[in-house]
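>
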Amino acid sequence: MDSVTTGTEADFTRILRETQTRISHSQHAHWEDAQIFESLARILMLFNLIGGFVVSVLAALPVAFDHFYEANMDAVSLSLFGLGALVSVTSILQASLRWSERSQQHLAAANAYTSLRRQLEILCLNRPHSDARLSELIQKLADLSETAPAVPQNIWDRAVARATRKYTP
């Protein structure tokens, strides 16, 4: 599937089908990865927002409810310290893991694979088939495979299974 030489229509169709399959699997895998990373980023952001709010409320207790604070000073201070430390750690994780950025990289790769799929569909509709045009698309696919971020194997397998179910009659 690396290069297309002038051959029979059956060879052209086989290479075309293999290229479609590769593009479809890659597209689904990158969409899946983008969704996972975006979900992780949202969960961490939501935890940081809620945790920050609770820390602010606990910090305001001595001012707003001085009698309650005096009676529960140790528990409130310990809760404030623990939750503040946890929110700080998750904020650092959010900055260092860069799940939103990784999601955007996979989204861009999925969009690029979608564009290649559309170009391949146009090639299928045009008659007569062009070996040179298919070779050009295969080269674009190879270049994109080199620059796209890696997809973990378990996500790849799940995306391939989903794509296979989607296109099986």
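All residue numbers for the sequence shown refer to numbering that gives the first Met the number 0, where the first residue is 0 and numbers rise by one. Every residue gets a Cβ at the ideal spot worked out from N, C-alpha and C, and that includes glycine.
What would DSSP say about R97, mapped onto helix, strand or coil?
coil
> Using 8 Å as the Cβ pair cut-off and three pairs as the minimum, do the stretch 109-125 and the stretch 63-78 touch?
no
> How is A147 classed by DSSP in three states: helix, strand or coil?
coil
> Which residues bound the alpha helix (DSSP H) around S25?
8-63
> Does H105 come out as helix, strand or coil in the three-state DSSP assignment?
helix
> Within 10 angstroms of the Cβ of I176, are there 16 or more other Cβ atoms? Answer buried if so, exposed if not.
The shown model of the chain, from 0 to 168, leaves out residue 176, and the question about it has no answer.
> Give me, in chain order, the residues of the same chain whose beta-carbon lies closer than 6 Å to that of S23; leave out the 5 immediate sequence neighbours on both sides.
A162
> In angstroms with no decimal places, state the Cα-to-Cα distance between G83 and L122.
58 Å
> In angstroms with no decimal places, state the Cα-to-Cα distance between L119 and T7.
19 Å
> Looking at L48: is its Cβ nearer than 8 Å to the Cβ of S78?
no
> Within 8 Å, do at least three Cβ pairs link the stretch 124-132 to the stretch 20-37?
no
> For the candidate residues L96, L140, G81, whose alpha-carbon lies nearest to that of R117?
L140
> What is the DSSP secondary structure of A70, reduced to helix, strand or coil?
helix
> If we count the other Cβ atoms within 10 Å of its Cβ and call it buried at 16 or more, is A160 buried or exposed?
exposed
> Going by C-alpha distance, which of Q103, Q34, L85 is nearest F52?
L85
> State the Cα-Cα distance for the pair Q54 and A109, rounded to the nearest angstrom.
What sits at residue 54 in the sequence shown is Val, not Gln. Between V54 and A109, the C-alpha separation is close to 39 Å.
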